[in-house]
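Respectively, the protein sequence lines represent chains A and B. Counted the way numbering that gives the first Met the number 0 counts, the first sequence spans residues 0 to 312. Counted the way numbering that gives the first Met the number 0 counts, the second sequence spans residues 0 to 594. Below you'll find the structure, written out as C-alpha cells, and then a few comments.
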Amino acid sequence: MAGSTLASPSADPGVAAVAAPASVSPARETWRRFRRHRLAMASAIILGLLIFGVVVGPWFWPVAINDIDFSATLQGPSLSHPFGTDDLGQDLLARMMYGGRISLAVGLAAMVVATCVGVVIGALAGMSRKYADPFLMWVTDLFLSLPQLPLLLLIIYLFREQLKAVFGVEGGVFVLIVVVIGGLRWMPVARLVRAQFLSLREKEFVEAARAQGATKLRQMTRHILPNALGPVIVASTIEVSSAIIAESTLSFLGLGFPPDIPTWGRLLFDAKDQLDTAPHWALFPGAAIFLTVLSINFIGDGLRDALDPRRVI
Amino acid sequence: MNEQEIRGMVADVKEGTMSRRSFIQRMAAVGIAAPIASQILVWNDVAMADATLEYKPTKAGGGGPLKMLLWQAPTLLNPHFASGTKDQIASRIFFEPLAGWDKEGNLIPQLAAEVPSKANGGLSADGKEVTWKLKPGVKWHDGKPFTADDVVFTWEYAADPATAAYTTGAYKDIKVEKVNDLTVKVIFKEATPFWADAFVGVTGQILPKHHFGEYKGAKSREAPANLKPVGTGPYKFTDFKPGDLLTGVRNEDYHVKNQPQFDTLEVKGGGDAVSAARAVLQTGEYDYAWNLQVEDDVLKRMETGGRGKVSAVPSGDIEFIILNPTDPWTEVDGERSSVKTKHPTLSDPKVREAINLLIDRDSVQKFIYGRGGTATASFVNEPKQFKSTKLKYEFNIDKANKILDDAGYKKGADGIREKDGKKLKYVYQTSINAPRQKTQAIIKQACQKAGIDLELKSVTATVFFSSDVANPDTYTKLYVDMEMYTTTQPQPDPERFLNQFVSWEIATKENKWLGRNVSRYSDPAADEAYKAAQKELDPVKRAALLIKVNEIFCEANIILPLLSRTRVAAALNNLSHDHSGWDVDTWNLAAWYRS
Numbered sequence: 000m001a002g003s004t005l006a007s008p009s010a011d012p013g014v015a016a017v018a019a020p021a022s023v024s025p026a027r028e029t030w031r032r033f034r035r036h037r038l039a040m041a042s043a044i045i046l047g048l049l050i051f052g053v054v055v056g057p058w059f060w061p062v063a064i065n066d067i068d069f070s071a072t073l074q075g076p077s078l079s080h081p082f083g084t085d086d087l088g089q090d091l092l093a094r095m096m097y098g099g100r101i102s103l104a105v106g107l108a109a110m111v112v113a114t115c116v117g118v119v120i121g122a123l124a125g126m127s128r129k130y131a132d133p134f135l136m137w138v139t140d141l142f143l144s145l146p147q148l149p150l151l152l153l154i155i156y157l158f159r160e161q162l163k164a165v166f167g168v169e170g171g172v173f174v175l176i177v178v179v180i181g182g183l184r185w186m187p188v189a190r191l192v193r194a195q196f197l198s199l200r201e202k203e204f205v206e207a208a209r210a211q212g213a214t215k216l217r218q219m220t221r222h223i224l225p226n227a228l229g230p231v232i233v234a235s236t237i238e239v240s241s242a243i244i245a246e247s248t249l250s251f252l253g254l255g256f257p258p259d260i261p262t263w264g265r266l267l268f269d270a271k272d273q274l275d276t277a278p279h280w281a282l283f284p285g286a287a288i289f290l291t292v293l294s295i296n297f298i299g300d301g302l303r304d305a306l307d308p309r310r311v312i
Numbered sequence: 000m001n002e003q004e005i006r007g008m009v010a011d012v013k014e015g016t017m018s019r020r021s022f023i024q025r026m027a028a029v030g031i032a033a034p035i036a037s038q039i040l041v042w043n044d045v046a047m048a049d050a051t052l053e054y055k056p057t058k059a060g061g062g063g064p065l066k067m068l069l070w071q072a073p074t075l076l077n078p079h080f081a082s083g084t085k086d087q088i089a090s091r092i093f094f095e096p097l098a099g100w101d102k103e104g105n106l107i108p109q110l111a112a113e114v115p116s117k118a119n120g121g122l123s124a125d126g127k128e129v130t131w132k133l134k135p136g137v138k139w140h141d142g143k144p145f146t147a148d149d150v151v152f153t154w155e156y157a158a159d160p161a162t163a164a165y166t167t168g169a170y171k172d173i174k175v176e177k178v179n180d181l182t183v184k185v186i187f188k189e190a191t192p193f194w195a196d197a198f199v200g201v202t203g204q205i206l207p208k209h210h211f212g213e214y215k216g217a218k219s220r221e222a223p224a225n226l227k228p229v230g231t232g233p234y235k236f237t238d239f240k241p242g243d244l245l246t247g248v249r250n251e252d253y254h255v256k257n258q259p260q261f262d263t264l265e266v267k268g269g270g271d272a273v274s275a276a277r278a279v280l281q282t283g284e285y286d287y288a289w290n291l292q293v294e295d296d297v298l299k300r301m302e303t304g305g306r307g308k309v310s311a312v313p314s315g316d317i318e319f320i321i322l323n324p325t326d327p328w329t330e331v332d333g334e335r336s337s338v339k340t341k342h343p344t345l346s347d348p349k350v351r352e353a354i355n356l357l358i359d360r361d362s363v364q365k366f367i368y369g370r371g372g373t374a375t376a377s378f379v380n381e382p383k384q385f386k387s388t389k390l391k392y393e394f395n396i397d398k399a400n401k402i403l404d405d406a407g408y409k410k411g412a413d414g415i416r417e418k419d420g421k422k423l424k425y426v427y428q429t430s431i432n433a434p435r436q437k438t439q440a441i442i443k444q445a446c447q448k449a450g451i452d453l454e455l456k457s458v459t460a461t462v463f464f465s466s467d468v469a470n471p472d473t474y475t476k477l478y479v480d481m482e483m484y485t486t487t488q489p490q491p492d493p494e495r496f497l498n499q500f501v502s503w504e505i506a507t508k509e510n511k512w513l514g515r516n517v518s519r520y521s522d523p524a525a526d527e528a529y530k531a532a533q534k535e536l537d538p539v540k541r542a543a544l545l546i547k548v549n550e551i552f553c554e555a556n557i558i559l560p561l562l563s564r565t566r567v568a569a570a571l572n573n574l575s576h577d578h579s580g581w582d583v584d585t586w587n588l589a590a591w592y593r594s
C-alpha cells in the first residue's frame, strides 16, 4: 500500500490497524472524525429527533388525524393543539406525525433505491475496459433525456391498480413512488461513481491489489468503492430532499397518495391559500421538510469528511 | 314614421336610452294617442321583467381602459368553436347573438329588435315556428350592414357537419328562412317548447357572411377571422396572443346609444383562481376576474381590503355525487361500470339511502362554499318553477346506522360493515380543487362513523373533465363507486340539462363515453316523462314533467345533490358589471361602466 497516495485508514483496514499504534477499527475512526464535525453532529441529533417524533409521537399524542371540528378552524398553536389546526379544525400535530412517517420513508427509501442503482451501474461502467462502459453511459444519457413527468404518468397509469391490489392503497402507492422516483434519479450518482472509478482504478494501491491477485470484484468492493464513497454520499443526500418534493408534486397531480393522507408536501400545498391568516399551517410542515433536508445534507457533508482518507482531522 | 322606426324607438326605450315618457310624446307628435303608444310598449314586452344593469353614463367613451383577468386564458375567438367558457367569454366581446339571458333568466334582445312572443306574433301557436325581427341600423365592425343574410348564413355554417362547430346541436335540426332583410323565421320539425336555443346566448352568436362565407364546411378552421374577429360587439378587435392577451378598442358605431363607456379593453390570461382574486380584490391591478372557485373565507378576507367586491349570481349549476349502481371493478366487453353489471352493495337502495343521510350539506355550505353555493336536495334548482319542493335533505348518522343495521350490514373487526362477505368500502373520486377535497374529507368522516370506509381519490381537472377515450380517470367513465363534480346548466330551461337522466344517453363504450347519463341508472318512468316534456307546450304541465324526472333520480338516491352553485366573480368597487348565471360574463359587456 505504498505510492503517492497518502495512507488511508479506511481504504484498507488491515494496513490501518498495523499503522496506527493505538488500534482503532475503521468504523470507530470514522465515528471519531464524524463527531468532530459539529454541524453534522447537530444535524444527526435533529434528524434523530424528527424520526423519533414521527415514529413514537402518535403514541403520546393519540388524536385522530381526520377529526373534523368546525368550532376550531385555523387556530394557532395552543395547548389543545400544539401545532394549531387547519381549516377543517383537524389537529396539525397529529397530521404532521402521520404524514412525516410517509414523507421520511419515501425520501429515505427513494434515496436507497437511487443510490444502489447508481452505484452498481456507475461501478460496472467505471471498471469496464470494453463495451460495457459506453453502453451503460448510453443508457444513462437515455434516462437523462427522458421527459420524466410523462413517463411517471404512464408508469402510474399502467401499474397503479395492480400494485394497489398487492400492497393495499397506501402500500401500493408507496412502492410505486419509491421505485419511480428512485428509478428516475440514479443517473447523477452513476456518473459520479463512474468518474471516481475511472480515476481510482489506475492508482497504485489498486495496481498493488491487482498484483497480489485480487479479483475484479474484490478490487471494486474492497479497494475502489470505499474511496469513491464520499461524493456519492453527498449526492444521495440531495436525493432525499428531491424525493420528498417529488412526492408532493405527484400528490398535487392526484397521482400520489390519496388526498386525505397528510404527507408534508400535501400539508404545504393545502396551506398555501391561507398563508396570510394561518401561517402556522404552512410553517410547521415547511420547517419539517427544511430541517430534514438540511440536516441530511450536513450529515452527508460530515460523512464525506470523515470518510475522506486524505483529509486530516 | 314607419314601422321600422317605431321598432327602433321601442328598442331605445328598452335599453333605457329613451324614457317611456319621451317615447309617448314622440308618438303623440305623429298622431298616435298615449294609450296606444303604451300598448306598443306592452306588446313589445317592455313590461316584461328585465334584470339587466341600469346604464348610467350619458355618453359613449371616456371611461379609459377596462382590464379583465381570465385565469384560464382564451385560445380562439370563433364563438362556434368555443367549447370552453373562457373562449365563449372572449368571443362574446366581439360577436353578439340575437338575444341573451339576464341574471333572472329573462331573454333580453341584443341584435333582435324584440324578443319573439305570442303577443307580438313571433311565436306560432303550434310551437313550430319562431319569427325574429332584427334590429335595424346595426353595422359590422368593417362598416357593412348587418342583415338577415348573416343570420341565415350562421345557421348554414353551424349546421354543416363538416364545419364541426361545437354549437351544431342547436342548429342541425332546424330550418331558417329569410323573410325580408330584417326578419328571419326559424322552423322546427316538431313542436318545441324551448325554442330559445338557436341564435340565443352562448350558442347563438351571429357571424358575418362576408368574412366567413368562403370558409363554411371543411375549410372552417382556416378562416383568418377565427383569430381576427369582425363582429357587431361593443369593442373592435386590436390584437390577440392566444393563451395570453387579447386587446380591443371601443366600437364608435355601436348600435346602442351611449355605449360602451370604456375606450380600450384588455383581457389577460394566466394564473389560478386565487391569484386572480388577489389581483382584483387586494392589489387592484385588474378590474374584473371571473370564475373564482376559491373558498369563501379566502375571498372574504381579501374583500376586507376594501378595493373590490365579490358578486355571486344564482345559476343552474349543481355540485352532486353519483352513486354508481353498476360494478366498476369488473370488466365486461372491454368496459368497467357496464350497464350489464350490478354493484355488489350500492345496488341496494338501503345503502344508498344511508349514504345520503351521511352528507352534512349545511356544514359543506357554511364552512366551505359560503356564497359559492346553497345546500339542496334537488338536482334542478333554477329557475325556481322547475325546483322540486318535495325533496328534502337530512344529516343524521344514527338514522343511517339504523338503516344499515336493519338491512343486515354488520360491523366487522375493522369497524367496517359487511353483509355476505361484501364490505362497504368505496372509492370516492373527484377533481383536484381545494373545496372538493374538503368536502370529501367531511363526508369520509361521517361515513366512517356509520361503518362505511371511503378511499378518497382526486384527479387533475384537465384529465377528469376530458373526453379522452383512453384515460380511465375521466368522469364519464365512472370507474369508481362514488363520484362528485359540478354539471353546468347553460340555459334557464332544464330540458337539455335533464337528458343526463334518460336511458338513451347512458355513457358506454359504444358511444365512446360521450353519453350524458354518467350515472348509468335508468327508469322507464323518467324516460317517459322526459319525452312527454319535450313536446308539452303548456309551461305548467311541462315543468311538472321535468320535476318528476328530477325526483325519480334523487329519490332513488342515485344522484345526491349537494349544492346549487352560484357563479362568483370579483370586480373593483367602482366598476358596475352585469353578471348573469345563464350566459357568459361578457354577455352585456357594452353596459359595463366605471363610476
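Ideal Cβ placement from N, Cα and C applies to all residues, glycine included. Predicted model only: the values in this text are computed from it and were never measured.
For this session: Could you tell me which of L65/B, P489/B and S90/B sits nearest to A72/B, measuring between CA atoms?
Result: One-based indexing of the second sequence puts residue 72/B at position 73. Among L65/B, P489/B and S90/B, the Cα nearest to that of A72/B belongs to S90/B.
Problem set entry | W100/B - DSSP class collapsed to helix/strand/coil | Sequence index remark: in the second sequence, residue 100/B carries index 101 (1-based). The three-state secondary structure of W100/B, taken from DSSP, is strand.
Exercise. With contact counted as at least three CB pairs below 8 Å, one residue from each stretch, are the segment 456-465 of chain B and the segment 386-397 of chain B in contact?
Worked result: Flag = no, the segment 456-465 of chain B and the segment 386-397 of chain B do not touch.
Exercise. What residues of chain A sit near Q87/B, judged by a beta carbon separation below 7 Å?
Worked result: Within the second sequence, the letter at position 88 stands for residue 87/B. Going along chain A, no residue has its Cβ under 7 Å from Q87/B, so there is no contact; the nearest lies around 27 Å.
Exercise. Rounded to whole angstroms, how far is the Cβ of A190/B from the Cβ of G126/B, which I believe are closer than 8 Å?
Worked result: The residue given as residue 190/B occupies position 191 in the second sequence. The residue given as residue 126/B occupies position 127 in the second sequence. Yes, they are in contact, since the Cβ atoms of A190/B and G126/B sit about 4 Å apart, within 8 Å.
Exercise. Helix, strand or coil for A374/B per DSSP?
Worked result: Mapped onto the second sequence, residue 374/B falls at position 375. A374/B: strand per DSSP, three-state reduction.
For this session: Taking A272/B and L291/B to be in contact with their CB atoms under 8 Å, please state how far apart those CB atoms are, rounded to whole angstroms.
Result: Here residue 272/B refers to the residue found at position 273 when the second sequence is read from its first residue. Here residue 291/B refers to the residue found at position 292 when the second sequence is read from its first residue. Contact between A272/B and L291/B is confirmed by a C-beta separation of about 5 Å, below the 8 Å threshold.
Exercise. Cβ of L559/B within 8 Å of Cβ of V379/B?
Worked result: Counting from one through the second sequence, the residue named residue 559/B turns up at place 560. Counting from one through the second sequence, the residue named residue 379/B turns up at place 380. Not closer than 8 Å, so no.
Exercise. Just curious, the beta strand (DSSP E) that R566/B is in, first and last residue?
Worked result: Position 567 of the second sequence, counting from 1, holds the residue named residue 566/B. It spans I558 to L571 - the beta strand (DSSP E) in which R566/B sits, taken as one unbroken run.
Exercise. What residues in its chain sit with their C-beta under 6 Å from that of G117/A, if we drop five residues either side in the sequence?
Worked result: One-based indexing of the first sequence puts residue 117/A at position 118. Cβ neighbours of G117/A beyond the five flanking positions: W185, V188 and A189.
Exercise. Which chain B residues sit within Cβ distance under 8 Å of P230/A?
Worked result: Your numbering for residue 230/A matches position 231 in the first sequence. Residues of chain B passing the Cβ test: none, with the nearest at roughly 38 Å.
Exercise. In whole angstroms, what is the alpha-carbon distance linking G247/B and D86/B?
Worked result: The residue labelled residue 247/B in the question sits at position 248 within the second sequence. The residue labelled residue 86/B in the question sits at position 87 within the second sequence. Each residue's alpha carbon lies about 15 Å from the other.
Problem set entry | CB-CB length for G268/B against G242/B, believed under 8 Å | Residue 268/B sits at position 269 when you count from the first residue of the second sequence. Residue 242/B sits at position 243 when you count from the first residue of the second sequence. With 8 Å as the limit, G268/B and G242/B qualify as a contact, their Cβ atoms being about 6 Å apart.
Problem set entry | Chain-order list of residues whose beta-carbon lies under 8 Å from that of N257/B (same chain, five-residue window excluded) | In the second sequence, residue 257/B corresponds to position 258, counting from 1. T16, Y54, P56, T57, K58 and A59, listed in sequence order.
Exercise. Quick one: what does DSSP say G269/A is sitting in, helix, strand or coil?
Worked result: Against the first sequence, residue 269/A aligns to sequence position 270. In the sequence under discussion, the amino acid at residue 269/A is Asp, which differs from the Gly named in the question. Three-state result, D269/A: helix.
Exercise. Roughly how many angstroms separate the alpha carbons of N587/B and R566/B, rounded to a whole number?
Worked result: Taking the first residue of the second sequence as 1, we reach residue 587/B at position 588. Taking the first residue of the second sequence as 1, we reach residue 566/B at position 567. Distance between the alpha carbons of N587/B and R566/B is about 16 Å.
Exercise. Within the 8 Å Cβ cut-off, does Q273/A reach chain B?
Worked result: Reading the first sequence from its first residue, position 274 is the one you call residue 273/A. By this cut-off, Q273/A is an interface position.
Exercise. Helix, strand or coil: how does DSSP classify T485/B here?
Worked result: By one-based count along the second sequence, residue 485/B stands at place 486. Strand at T485/B.
Exercise. Hey, is the segment 410-421 of chain B in contact with the segment 447-458 of chain B, meaning 3+ C-beta pairs nearer than 8 Å?
Worked result: Yes: at least three Cβ pairs fall under 8 Å.
Exercise. Taking Cβ-Cβ distances shorter than 8 Å, what residues in chain B pair up with L38/A?
Worked result: Here residue 38/A refers to the residue found at position 39 when the first sequence is read from its first residue. Within chain B, no residue comes near L38/A; the closest Cβ sits about 38 Å away, beyond 8 Å.
Exercise. Does the distance from the C-beta atom of L326/A to that of G299/A stay below 8 Å?
Worked result: Residue 326/A is absent from the model: chain A starts at 0 and stops at 312.
For this session: With DSSP as the reference, please indicate the residues paired to E318/B in a beta bridge.
Result: Your numbering for residue 318/B matches position 319 in the second sequence. DSSP lists T485/B and L562/B as partners of E318/B.
For this session: Please go through the same chain and pick out, in chain order, the residues whose beta-carbon is closer than 8 Å to the beta-carbon of L143/A, but skip the five residues on each side of it.
Result: Counted from its first residue, the first sequence places residue 143/A at position 144. Annotation for L143/A: M186 place their beta carbon closer than 8 Å to its own, counting only its chain and skipping 5 residues before and after.
Problem set entry | Residues in the segment 416-436 of chain B having any Cβ partner in chain A nearer than 7 Å | Of all residues in the segment 416-436 of chain B, I431, A433 and Q436 have a Cβ within less than 7 Å of some Cβ in chain A.
Exercise. Sorted by chain position, which residues of the same chain lie with C-beta nearer than 8 Å to V105/A's C-beta, five sequence neighbours on each side aside?
Worked result: Taking the first residue of the first sequence as 1, we reach residue 105/A at position 106. The answer, listed in chain order, is F173, I176, V177, I180, A242, I243, E246 and T262.
Exercise. When the Cα of K308/B is compared with those of N573/B, S594/B and S21/B, which residue comes out closest?
Worked result: If you number the second sequence from 1, residue 308/B lands on position 309. It is N573/B.
Exercise. For Q533/B, which of helix, strand or coil comes out of DSSP?
Worked result: Reading the second sequence from its first residue, position 534 is the one you call residue 533/B. If DSSP states are grouped into helix, strand and coil, Q533/B belongs with the helices.
For this session: Under 7 Å Cβ to Cβ from R25/B, same chain only, skipping five residues before and after it: list those, please.
Result: One-based indexing of the second sequence puts residue 25/B at position 26. Taken in chain order, the residues that qualify are M8.
Exercise. Taking the C-alpha atoms as reference points, what is the distance between I295/A and L282/A?
Worked result: In the first sequence, residue 295/A corresponds to position 296, counting from 1. In the first sequence, residue 282/A corresponds to position 283, counting from 1. Answer to the nearest angstrom: the Cα atoms are 19 Å apart.
Exercise. According to a CB-to-CB cut-off of less than 8 Å, which residues of the segment 77-88 of chain A neighbour chain C?
Worked result: Note that chain C does not occur in the displayed structure, where the protein chains are A and B.
For this session: Can you give me the Cβ contacts of K171/B inside the same chain, cut-off strictly under 6 Å, excluding the 5 residues immediately before and after it?
Result: Reading the second sequence from its first residue, position 172 is the one you call residue 171/B. The answer, listed in chain order, is A158.
Exercise. Just checking, does the segment 192-205 of chain A make contact with the segment 226-241 of chain A on the three C-beta pairs under 8 Å criterion?
Worked result: yes
For this session: Give the C-beta separation of L356/B and A399/B to the nearest angstrom, bearing in mind that I take them to be a contact with Cβ-Cβ under 8 Å.
Result: Looking up residue 356/B in the second sequence gives position 357. Looking up residue 399/B in the second sequence gives position 400. In this structure, L356/B and A399/B form a Cβ contact; the two beta carbons are roughly 4 Å apart against a cut-off of 8 Å.
For this session: Taking only runs that begin and end inside the segment 217-287 of chain B, name each unbroken alpha helix (DSSP H) of 4 or more residues, in chain order.
Result: 272-280
Problem set entry | Members of the segment 297-316 of chain B that neighbour chain A once the beta carbon cut-off is set at 7 Å | V297 and R300
Exercise. Is the Cβ of I64/A closer than 8 Å to any Cβ of chain B?
Worked result: Counting from one through the first sequence, the residue named residue 64/A turns up at place 65. So, not an interface residue.
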